[in-house]
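Residue numbers (full-length UniProt numbering): 1 to 926.
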């Protein structure tokens with residue numbers, strides 16, 4: 001059934017009610033930008049939702065993909081109130097997508113009766129990407145939440161000439177609070193890295209004026225990282241009571257004032273804001289349940305927003321999360337929700353500790369080598385484990401049910417088998433055996449022992465036999481009344497089974513094959529006729545009641561079965577009422593095991609991610625290899641037959657591998673030239689992807705690999721959607737390049753693709769030359785610089801550790817060009833833009849005109865080269881100094897209040913200076 005058909009079946013609201021509602025709706029204050037407001041309604045015993053105004057149009061366009069579903073209450077499309085309806089199930093699907101992928105806020109309104117017995121609309125739930133507390137049980141009961149709703153608050157200030165940034169963050173899923181305080185530069189590069197490392201969904205800032213340039217810069221970073229901004233009063237950042245608040249929330253008996261984190265003044269102010277925003281103190285269930293940790297930026301590789309996009313780390317908002325077009329989609333073969341969340345976290349927090357990287361590699365090696373162990377853990381055990389962190393939270397909050405108790409029980413009884421699986425497949429290598437014992441076997445053994453009493457409690461109190469009928473009830477022998485009710489229910493079940501047999505005989509349908517006996521959530525006990533001819537057997541017969549026809553068959557009941565089912569429902573409700581006190585006691589006892597369940601969830605998640613890495617490494621078209629990693633500041637990058645892991649998984653792609661050799665003092669900066677579509681971009685990005693994979697502990701797509709540890713990966717690749725954010729391509733280039741020049745160190749990996757396209761060829765070449773020379777001589781980071789400026793290849797004549805590479809092409813006898821996607825040393829001797837245009841099927845007249853113009857330009861260039869004069873050494877020295885100063889000025893652009901104006905001033909300033917230096921003038925005009 002299509003969504004459009006479903007909306008026609010939803011009831012409409014009577015006109016008098018429409019009049020009251022339209023008056024109420026138009027009296028509401030406008031919502032915050034990016035907020036969807038929906039209204040819960042009830043009809044025929046089920047819920048549905050209505051959306052109004054701009055929200056109704058949005059739902060029609062994004063959910064239904066048609067405007068025809070929009071109704072206009074009390075008027076036409078000009079005067080009426082646009083209204084769209086969604087069923088309960090479709091609303092839940094939409095809201096999950098809105099909060100997790102589209103970064104929207106939501107408000108849910110419902111009619112409630114006041115103390116004066118009046119019916120009024122009240123706001124009953126609200127949520128944002130970083131605060132899902134009020135909708136977790138509503139939206140994620142049956143579906144997994146594979147991303148963490150991390151919210152941060154940021155307070156910034158100055159100390160002398162330094163910018164001090166204090167950040168507090170919270171993840172209510174795992175009940176964690178964290179703080180971090182650090183010195184930052186004018187571009188807030190460290191803050192951007194922190195936002196990426198934590199996977200932030202929402203950021204709280206203090207209300208600021210339109211001229212607060214620091215706030216403008218931070219909002220720009222948040223926009224690039226797709227983070228929702230929420231502004232709050234400055235008083236919300238008051239840290240006066242933060243110690244008292246944290247002492248109530250954080251587990252353990254250590255006073256917050258005694259911890260070093262308490263000295264982080266700005267971070268504590270941010271922490272006060274987060275606590276207030278999430279209303280953590282309003283629910284006593286939170287007291288003593290949160291952990292507080294210090295997030296140290298220096299523990300992890302720093303990534304900026306451009307690197308995140310260039311490396312395709314995470315799926316695009318409208319892209320399926322499990323597709324291998326992103327690194328997350330490729331590597332996340334986790335079987336549990338907690339594993340998927342940890343995989344996301346690790347991808348954004350590559351390690352800098354060689355010891356920790358090696359430990360992960362050893363575990364992946366065990367699972368790569370032992371196929372039986374890997375497959376057994378994945379398919380027999382992990383696949384059946386629910387989200388233990390979220391289940392534990394339900395118990396702590398008091399919203400758990402007997403079904404949740406049973407789900408915990410089913411995990412606990414599986415632990416001995418999982419333990420046997422690990423103990424029976426001990427690795428031969430003593431070091432690897434010790435790691436598996438320490439990380440998995442020993443913790444699971446200890447937790448299995450702790451949870452044994454929970455297992456006994458469930459088996460003593462819960463009727464496990466009733467699970468076959470999807471009933472979650474306390475054993476009847478706990479109470480005489482329960483026993484009597486259970487006996488009556490059993491009698492009814494026997495009668496319903498007998499009626500099932502009678503109906504089968506009357507209709508001539510074979511039981512279990514052509515006629516099935518089922519329990520439906522809406523219709524209760526009913527029958528299903530399988531197949532069209534079987535369904536026809538009940539048509540037009542008064543003794544049968546047809547409920548619905550589905551692909552799986554027709555649901556129906558005899559009048560006798562319907563009566564028996566109704567009586568059974570009544571008895572079940574009475575049973576539930578009688579057992580309520582016992583159920584509450586069981587749930588309270590199980591809640592005391594929450595710390596053990598959360599510990600088990602963490603062990604399971606760790607195992608799940610590393611088994612996923614092993615699975616991907618083995619199942620790749622060509623298996624991945626374990627890379628050799630050198631400590632920070634040591635070693636080089638040597639990759640044999642390197643491949644891009646995502647591209648090689650695409651259908652109909654025969655990937656061409658390439659070797660990579662980046663050696664200190666020999667080839668630190670590599671300039672790659674060649675035709676568009678020839679593979680330059682893929683080559684430089686795959687090096688970044690492989691470096692990141694190595695530092696999260698995964699194997700890499702190479703025949704052999706050795707890498708140094710990078711403290712950051714910084715990228716300037718493509719203009720992306722900068723125009724959509726009101727930023728010109730040139731301005732985007734300058735901002736991203738300034739970030740690189742400020743944030744890069746000797747141990748960074750810098751990836752630059754086609755810098756200088758956002759401005760004229762004259763300015764573009766000058767900037768590209770100056771920036772590449774600055775990186776090569778001042779920063780000395782490993783850098784891959786893909787460019788269409790062939791003039792840059794002469795940089796190797798003045799800087800010894802610059803190396804030229806080019807992508808190979810084959811030119812046939814008739815001039816046809818074949819792109820070989822192979823990267824070799826040296827400079828490409830020809831531009832192939834026209835040939836690429838031919839491959840893209842440009843019109844023939846356009847191609848011929850382009851060839852004529854290209855020949856004319858070649859002739860002019862030849863004349864220029866013939867008359868080219870030698871330059872005096874002082875001219876060359878002066879030219880180099882000018883370019884280095886120009887790069888420094890670009891890097892300082894972030895200090896300006898108006899960066900667009902500042903960049904234009906740089907262009908104007910150096911235009912005259914370059915014109916007066918013959919060396920620079922000829923170099924940049926060649």
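Glycine included, C-beta positions come from ideal geometry on N, C-alpha and C.
In the pairwise beta carbon analysis, the stretch 769-788 is classified as not touching the stretch 644-651: fewer than three pairs are separated by under 8 Å. Counting C-beta atoms within 10 angstroms of its own C-beta, residue 119 has fewer than 16 neighbours from the protein chains shown and is therefore classed as exposed. Counting of Cβ neighbours within 10 angstroms places residue 193 among the buried residues, the total reaching 16 or more. Here residue 463 carries a coil assignment [DSSP, helix/strand/coil]. Ranking 879, 706, 752 by CA distance to the CA of residue 916 puts 879 first. Around the beta-carbon of residue 653, fewer than 16 other beta-carbon atoms lie within 10 Å, marking it exposed.
The alpha-carbon separation between residue 641 and residue 623 amounts to approximately 12 Å. Where residue 188 is concerned, there is no enclosing alpha helix (DSSP H), because DSSP gives it neither an H nor an E.
For residue 670, there is no enclosing alpha helix (DSSP H); the enclosing beta strand (DSSP E) has its first and last residue at 669-673. Remark: C-beta atoms of residue 544 and residue 517 do not approach each other more closely than 8 Å. The C-beta distance from residue 751 to residue 310 rounds to 6 Å, short enough to fall under 8 Å. By DSSP's assignment, residue 206 forms a beta bridge with 232.
In this structure, DSSP gives residue 94 a helical state, which the three-state scheme calls helix.
For residue 642, no alpha helix (DSSP H) run applies; the uninterrupted beta strand (DSSP E) run containing it begins and ends at 637-642, by DSSP.
Within 10 angstroms of the beta-carbon of residue 658 lie 16 or more other beta-carbons, which makes it buried. Rounded to the nearest whole angstrom, the C-alpha separation of residue 795 and residue 682 is 23 Å. For residue 82, the enclosing beta strand (DSSP E) has its first and last residue at 81-87.
In the three-state reduction of the DSSP assignment, residue 541 falls in the coil class, being assigned neither a helical nor a strand state. For the 8 Å CB-CB criterion, residue 275 and residue 232 do not form a contact. For the beta strand (DSSP E) assignment, the uninterrupted runs of no fewer than 3 residues enclosed by the stretch 464-548 are, from N- to C-terminal side, 515-520, 524-529. Residue pairing by DSSP places residue 105 opposite 35 in a beta bridge. Closest by C-alpha distance to residue 564, out of 439, 90, 527, is 527.
With a cut-off of 8 Å on Cβ pairs, the stretch 385-397 is in contact with the stretch 594-613, counting three or more such pairs. The three-state secondary structure of residue 170, taken from DSSP, is strand. Comparing alpha carbon positions, the residue from 218, 754, 234 closest to residue 273 is 234. Residue state for residue 237 is assigned as helix, using DSSP reduced to three classes.
Membership of residue 275 in the alpha helix (DSSP H) is indicated by the continuous run 265-278. Excluding five sequence positions before and after residue 628, the CB atoms of its chain that fall closer than 6 Å to its own CB belong to 706, given in chain order.
For residue 334, there is no enclosing alpha helix (DSSP H), since its DSSP letter is neither H nor E. Of the candidates 789, 793, 769, the residue whose Cα lies closest to the Cα of residue 881 is 769. Cα atoms of residue 109 and residue 39: separation of roughly 5 Å, rounded to the nearest angstrom. By the Cβ test, the stretch 169-180 is in contact with the stretch 132-151, since at least three Cβ pairs between them sit closer than 8 Å. Per DSSP, the continuous beta strand (DSSP E) segment holding residue 706 begins and ends at 704-708. The beta-bridge partner set that DSSP reports for residue 121 consists of 111. For residue 591, the CB contacts under 7 Å within the same chain, skipping 5 residues up- and downstream, are 395, 396 in chain order. Taken in chain order, the unbroken stretches of alpha helix (DSSP H) that lie wholly in the stretch 389-441 and span 4 residues or more are 402-412, 415-423, 430-436.
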